[in-house]
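For reference, the structure is listed below as structure tokens.
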Amino acid sequence: MAVKSDRLVGGKLILLVIFLGLGYVDVLSNVSGHSIMTPYNAGALEGVTPSYSAWGTTLYLIGVANGVPLSRVLTARYGEYVVIVVGFFLYSLLSLLCITSETVYFYTPVRFIFGMFGGVLAVVCQSLALHEIPEDKYKIGLGYWSALGMLPYTFAVFMGGFWAEYFNWKWLFYANSSIGISISIITAASLYGRIHIPSTIHFDTIGFILFSISIISLQIIFSQGNDFDWLASPWLSVLSLIVMTTIPLFIIWEWGENYPIIDIRLFARPSYAAGVFYGFIGFFTIQGLMSLMSVQLQLLLGYSSSQAGDMYLIMMLAGLPLAGFMYEISKKFDVRFIISLVFLCSSITLTWIGLFDKTASFDALSTPVVFLGLCVAALSAPLSTLATYGLSGPDYKRAGEEFLIMRLIGGALGIACQSVIYIRRLPIHQQDLADYLGGRRFASLDTYSLLLQKLQSVGLSESIARRQIARLMRQQAAILGFNDAFLVGGALLFVLALIVWVVKLDSLRLAKGY
1061 MAVKSDRLVG GKLILLVIFL GLGYVDVLSN VSGHSIMTPY NAGALEGVTP SYSAWGTTLY
1121 LIGVANGVPL SRVLTARYGE YVVIVVGFFL YSLLSLLCIT SETVYFYTPV RFIFGMFGGV
1181 LAVVCQSLAL HEIPEDKYKI GLGYWSALGM LPYTFAVFMG GFWAEYFNWK WLFYANSSIG
1241 ISISIITAAS LYGRIHIPST IHFDTIGFIL FSISIISLQI IFSQGNDFDW LASPWLSVLS
1301 LIVMTTIPLF IIWEWGENYP IIDIRLFARP SYAAGVFYGF IGFFTIQGLM SLMSVQLQLL
1361 LGYSSSQAGD MYLIMMLAGL PLAGFMYEIS KKFDVRFIIS LVFLCSSITL TWIGLFDKTA
1421 SFDALSTPVV FLGLCVAALS APLSTLATYG LSGPDYKRAG EEFLIMRLIG GALGIACQSV
1481 IYIRRLPIHQ QDLADYLGGR RFASLDTYSL LLQKLQSVGL SESIARRQIA RLMRQQAAIL
1541 GFNDAFLVGG ALLFVLALIV WVVKLDSLRL AKGY
């Protein structure tokens, strides 16, 4: 346990909170900020396809989810001060190690370990900053931290696109390293002499191992399924058997564990179960689609990485003022109403983007992006409020931690699964276009020949014209596949916006039950 000492005041407090907030943003920025650079680092990792390069994004996020439970043990043993100082120093070294990667098979495991350090540091940064803030300024600190929570999904994408286009994709990791070293120095100087009495808390080692194996295996299946043909791959078949074995074992073990990694008994509370489920699905959908959009704007529509990043900067400018107030708004109104409104608005916005079925449609993308920014800003606070509704003390903290873990897992799986929808729908639309142009749908209507003649009439040779038609067909099929992912996401959130009203809000917890 930590010995109580005078909190920082004045400039020292402001400086420490700013840098801890910067560290929190930097850790989570390695997801969305990395996604937009996928086309760039794919070429550097022996020229693999972007789907291979995306492993570094999803496994990093799974690493963050794995690191969150470790923060409790490390802070109890060493104290928040030591964890921040040493942790960010090691975080900086791992960031530089990522730069040395020459193959995706080295890069991905390093990114996973990098993410585990990030998961520990993200939790401790928030905890330390909020502990240092005076009680009469706590609401201001909470609003500040809520606003910071939006930056990894918006500003980080803008910066990632900027680094990739004007410098090099590796500059993301140079920035990580510089920020990490700076935070270590500032924290060490600000809290020098802070005393901590070590304590030992029980850690569920078996539960943690089962949890890690389960989510890593599940993530690999969805991340590599398109590349290795799903269950036709012996490797993915083995992982599927592992998942089907470890998940039931994990649930059974956690049910009887006194100090579980994930407290299964909390799911007996309808508000907690609903909050976690909505958090999982919400980030599964929105974070997955935002990642898909950042990549496909470049690969499909020819945006540069900085142009794609500009769309996310618009999101940030639109949503940042709202993000800081969402926790207070969620507490003043029925949280189910707020969630229903957020999910309904998100559904409309995703459907709006999903109806952009031509390349010219994307000229107006900035308009729905403004509304998407508002939805992202409003997403997390009401969901965490629902998950922790009626809880207090250790149960409140545990529920908040587990909500974060499930939210992170949802985002990681969403990045992979939204790409699966896009990739699986693309050939279906391509076949449909081939049937239409080739006259197989209407034997009397041969639109392919008419289109070929028009292209030849403007000076293209027959071979060039055929290639141009094939390219346009593939691009249009890809746009329609992209639309499908957004339309499915919009439909899913619309259904959830309606059924949230059946959730029962739990009263305050009794002394020994859930």
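Everything in the sequence shown is counted per my numbering, starting at 1061 for the first residue and increasing by one.
All C-beta atoms in this analysis are idealised placements derived from N, C-alpha and C, irrespective of residue type, glycine included.
For clarity, every value in this text was computed on a predicted model and none was experimentally measured.
Own chain residues within Cβ distance below 8 Å of G1240, not counting five before or after: G1083, D1086, F1148, F1149, Y1151, S1152 and S1155
Beta-carbon proximity of S1479 to I1096, cut-off 7 Å: Going by C-beta atoms, S1479 is not nearer than 7 Å to I1096.
Segment contact, 8 Å Cβ cut-off, at least three pairs: the region 1377 to 1392 with the region 1406 to 1418: No, they do not touch.
L1552 and L1121 closer than 7 Å at C-beta: no
Status (buried if at least 16 other CB within 10 Å, exposed otherwise) for D1323: buried
Option nearest I1266 by Cα separation, candidates S1242, P1320 and L1296: P1320
Cβ-heavy atom distance, L1349 to the ligand ZN, below 6 Å: The model on display carries no ligand, and the ligand ZN is accordingly not part of it.
Selection from P1428, W1295, K1392 and I1246 that minimises the alpha carbon distance to S1407: P1428
Three or more C-beta pairs below 8 Å linking the region 1514 to 1531 and the region 1459 to 1467: no
Close Cβ partners of I1563 (< 8 Å) along its chain, the five nearest in sequence each way excluded: Per the sequence shown, the amino acid found at residue 1563 is Val instead of Ile. Once the five neighbours on either side are set aside, the close Cβ partners of V1563 are P1330, S1331, A1334, R1396 and L1446.
Which of helix, strand or coil DSSP assigns to H1191: helix
Beta carbon of L1361 nearer than 7 Å to that of F1546: No. Outside cutoff.
Length of the line joining the Cα atoms of F1340 and G1070: 39 Å
With 16 other Cβ atoms within 10 Å as the buried cut-off, status of S1244: Buried: at least 16 other Cβ atoms inside 10 Å.
Straight-line Cα distance separating M1210 from M1371: Approximately 14 Å, taken between the alpha carbons.
Presumed contact (8 Å Cβ cut-off) between A1114 and I1475, rounded CB distance: 7 Å
Alpha carbon of I1078 to alpha carbon of G1203, nearest angstrom: The C-alpha of G1203 is placed about 13 Å away from the C-alpha of I1078.
Bounding residues of the alpha helix (DSSP H) (the contiguous stretch that carries T1163): Per DSSP, T1163 belongs to no alpha helix (DSSP H) and is neither H nor E.
Neighbourhood of S1365 by C-beta distance below 8 Å, restricted to the same chain and skipping five residues each side: I1096, M1097, P1099, Y1100, G1220, G1221, F1222, A1224, E1225 and Q1358
Euclidean distance between Cα positions of Y1449 and K1457: 12 Å
Residues near W1561 in its chain [Cβ-Cβ closer than 7 Å; skip 5 each side]: Cβ contact annotation for W1561 (same chain, cutoff 7 Å, sequence separation greater than five): R1396 and S1400, in chain order.
Reduced DSSP category for H1489 - H, G, I as helix; E, B as strand; rest coil: helix
With 16 other Cβ atoms within 10 Å as the buried cut-off, status of T1306: Looking at its Cβ environment, which holds 16 or more other Cβ atoms inside 10 Å, T1306 is buried.
Spatial neighbours of G1123 in its chain, beta-carbon cut-off 6 Å, leaving aside the 5 residues before and after: F1172, G1175 and M1176
Rounded distance between the beta-carbons of G1379 and G1433, thought under 8 Å: 4 Å
S1250 and K1072 closer than 7 Å at C-beta: Taking C-beta atoms as the reference points, S1250 and K1072 count as a pair closer than 7 Å.
Check whether V1128 and V1170 have beta carbons under 7 Å apart: no
Beta-carbon proximity check, F1327 vs L1270, cutoff 7 Å: The criterion of a C-beta distance shorter than 7 Å is not satisfied by F1327 and L1270.
7 Å Cβ shell around L1349 - same chain, five flanking residues per side excluded: L1410, Q1478, A1545, F1546 and G1549
Pair within 7 Å by beta-carbon distance, V1217 and G1414: no
Reduced DSSP secondary structure (H/G/I, E/B, other) of H1256: The answer is strand: DSSP assigns H1256 an E or B state.
Helix, strand or coil at V1395 [DSSP, three-state]: helix
Neighbourhood of I1465 by C-beta, 6 Å cutoff - its chain only, sequence neighbours within 5 removed: The residues A1125 and V1128, in chain order, have a CB closer than 6 Å to that of I1465 in the same chain once the five nearest residues on each side in sequence are set aside.
Limits of the alpha helix (DSSP H) - the one that R1360 falls within: Per the sequence presented here, residue 1360 reads as Leu, with Arg not at that position. It is not in any alpha helix (DSSP H) - L1360 carries neither H nor E in the DSSP assignment.
Distance between P1442 and K1392 (C-alpha atoms, nearest Å): The alpha-carbon atoms of K1392 and P1442 are separated by roughly 11 Å.
Inter-residue spacing [alpha-carbon to alpha-carbon] between S1444 and C1405: As the crow flies, the alpha-carbon of S1444 is around 18 Å from that of C1405.
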